[in-house]
Structures are given as C-alpha cells and as structure tokens.
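Q: Quick note: to get this note's numbering, add 5 to the position in the sequence shown (first position is 1). Note that beta-carbon positions come from the ideal geometry of N, C-alpha and C, so glycine has one too. It should be emphasised that the depicted structure is a prediction, and the values quoted were computed from it without experimental measurement. The structure's right below; bear with me while I get my questions together.
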Amino acid sequence: MIDKYRQHTEFFILLTLLILTRVADGILTYKITPDLSRELNPLVYFFGFGWGGLIVVALAIIIPTVILSYYNIYKPFNNFPDKKASYLEFKKFYFNTSNPIIKTSSGKIIIHTLGYIVPRVFILWGIWVIIHNFLVLIYEPTYKYLRSEYKIWIIGYILPGILGVLLSNPFLKREYKRYINAKR
C-alpha cells in the first residue's frame with residue numbers, strides 16, 4: 006500500500022510540475038512577446054511557428070513524457086544482475102553491452118531509463134526557462150547585461166543535455182536500491 010501511495014504521489018507531482026512549468030513558460034512568453042517577435046525558440050525563429058504550433062509541439066512533448074513516466078513508475082523494468090553486485094559493479098552492468106538483458110530487452114531499458122530522466126529534465130529545464138523569462142519580463146539590468154554581453158541564453162539549449170547526464174546517477178542509485186530490495 007505504501008509503495009502504491011509513493012507511486013501515485015511521484016506520478017502526480019511529476020505530472021503537475023511538468024504541466025505547470027509549460028503553462029508558466031507560455032504565460033511569461035506571452036507577456037514578453039505576444040506576437041512572438043522577440044521569441045528565441047528555434048521553432049519560431051527559424052521555422053515561423055506561431056502560438057498554435059508551439060502548443061502542438063508542447064503537447065507532442067508532454068504526452069510522450071507522461072507515458073514514459075507512467076512506465077517508469079508503474080511498470081518498472083528490472084535490469085538486474087543475477088549475482089549480488091556492489092553499486093559500482095551494478096552501474097557497469099546496467100548499460101554494458103555484455104549485459105544479456107540488453108540484448109533481449111534494450112527497448113524496455115531505454116523506456117524505463119527515459120521515463121525517469123526525461124520528465125525531470127523537462128521540469129528542471131522549465132524552471133530555468135521560467136526564471137529566464139521572468140528576468141526578461143522585469144527588465145532586470147544585470148541579467149539584461151549578461152544576456153547581451155555573454156549570450157547566456159545559450160544555457161537554455163545545452164542545459165537539457167547536461168541535466169540528462171547529471172540525472173543518470175540518481176536514476177542508477179534508485180535502480181540499485183530496487184535491486185538490493187529485490188535480492189532480499
């Protein structure tokens with residue numbers, strides 16, 4: 006019962022934060038540039054997307070992210086070694102090509118892994134975007150200077166990759182804990 010409660014709570018929190026960060030980003034973007042003339046999003050800047058296109062793309066990102074999260078939380082995939090392993094051995098095993106589970110179930114491992122990492126990346130990245138948009142909205146002078154002199158807006162484009170790498174460690178720690186509990 007406690008495990009189901011934890012699952013429901015985690016899923017609800019991730020879903021709520023994912024939606025709230027996207028909505029907040031949209032609202033702040035609208036306040037800054039209702040016609041999207043100042044929008045830095047490449048979909049607008051290079052491909053001419055309007056609000057409708059941005060909303061469709063946001064939904065096309067949110068829906069698969071929610072599905073991945075669902076599978077990670079409610080249908081976890083056990084990619085565990087047969088024999089007892091230390092955390093370091095477990096980390097080496099998890100994505101190693103000599104892992105026999107990878108040969109037969111790589112898709113399930115990818116879905117399970119992305120189901121943990123992707124929603125968290127989008128939420129954390131969304132928080133950065135909200136902070137960025139808020140500072141632009143209020144014309145914060147230091148931030149305006151940093152944006153013009155050092156092009157710090159580029160952080161928004163590299164941050165998801167960095168977060169993905171950083172979140173792989175908590176994911177593997179969580180998996181190791183599940184592995185230890187399964188071996189008991």
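Would you identify the three-state DSSP class for G53, choosing helix, strand or coil?
A: Residue state, collapsed to three classes: coil.
Q: Who are the near neighbours of K113 in its chain, counting only those whose CB is closer than 6 Å to its CB and skipping five residues on each side?
A: Excluding residues within five positions, the ones whose Cβ falls inside 6 Å are F82.
Q: In angstroms with no decimal places, state the Cα-to-Cα distance between T109 and I122.
A: Cα to Cα, T109 sits roughly 22 Å from I122.
Q: Is it true that the CB of F54 sits closer than 7 Å to the CB of L48?
A: Contact: yes.
Q: Taking 7 Å as the threshold (C-beta atoms), are F16 and I78 in contact?
A: Contact: yes.
Q: Determine the contact status of D40 and G131, defining contact as a CB-CB distance below 7 Å.
A: No, the pair does not count as a contact, with Cβ atoms beyond the cut-off.
Q: Between V134 and G169, how many whole angstroms is the CB-CB distance? I'm expecting something under 8 Å.
A: Going by Cβ atoms, the distance from V134 to G169 rounds to 16 Å, so no, they are not a contact pair.
Q: Given a threshold of 16 other Cβ atoms within 10 Å of its Cβ, counted over all protein chains shown, does E180 qualify as buried or as exposed?
A: So E180 ends up on the buried side.
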